[in-house]
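One structure is given below, encoded as structure tokens.
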Amino acid sequence: MEVTEVRVFPVEEDRLKGYATVTFDHCFLVRDLKVILGNKGLFVAMPSKKRKDGTYQDIAHPLNSQTRRMIEERVLGEYERMAGQPPQAPEDV
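Quick note on numbering: our numbering labels position 74 of the sequence shown as 76, and the sequence is numbered without any gaps.
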């Protein structure tokens, strides 16, 4: 499995720094990954939903640490690249 595209959408909030969309093998897309500033730096949180008891459960997540690391490296790399660029003006339609 290969990450074939990463799109990051930076936001200016306290701990939430952006959202990401990841495409695997040009054919499977996962939206709403979050780039979060934690106590030990940036990390990627998987998409989740709030349960009736108030806790959150991941909707999609890697099953091993190697896959998690691969996704996190790609998302954080793209976040750093996007965060270092000046904001873009909206395109004329």
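Where a beta carbon is used, it is the ideal one built from N, C-alpha and C, also for glycine.
Contact between the segment 62-70 and the segment 37-44 is not established, with fewer than three Cβ pairs separated by less than 8 Å. When secondary structure is reduced to three states using DSSP, residue 77 falls in the helix class.
Bridge partners of residue 38 according to DSSP: 18 and 45. When the five nearest sequence neighbours on each side are left out, the beta carbons in the same chain lying within less than 6 Å of the beta carbon of residue 10 are those of 20, 22, 80, 81 and 84, in order along the chain. DSSP, read as helix, strand or coil, puts residue 69 in helix.
Rounded to whole angstroms, the separation of the alpha carbons of residue 50 and residue 25 is 17 Å. Per DSSP, reduced to three states, the secondary structure at residue 4 is coil, with no helix or strand assignment. Here residue 32 is bridged, per DSSP, to 24. Measuring C-alpha to C-alpha distances from residue 5 to each of 60, 46, 56 and 31 identifies 31 as the nearest.
Under the DSSP assignment, residue 60 falls in the beta strand (DSSP E) whose first and last residues are 58-60.
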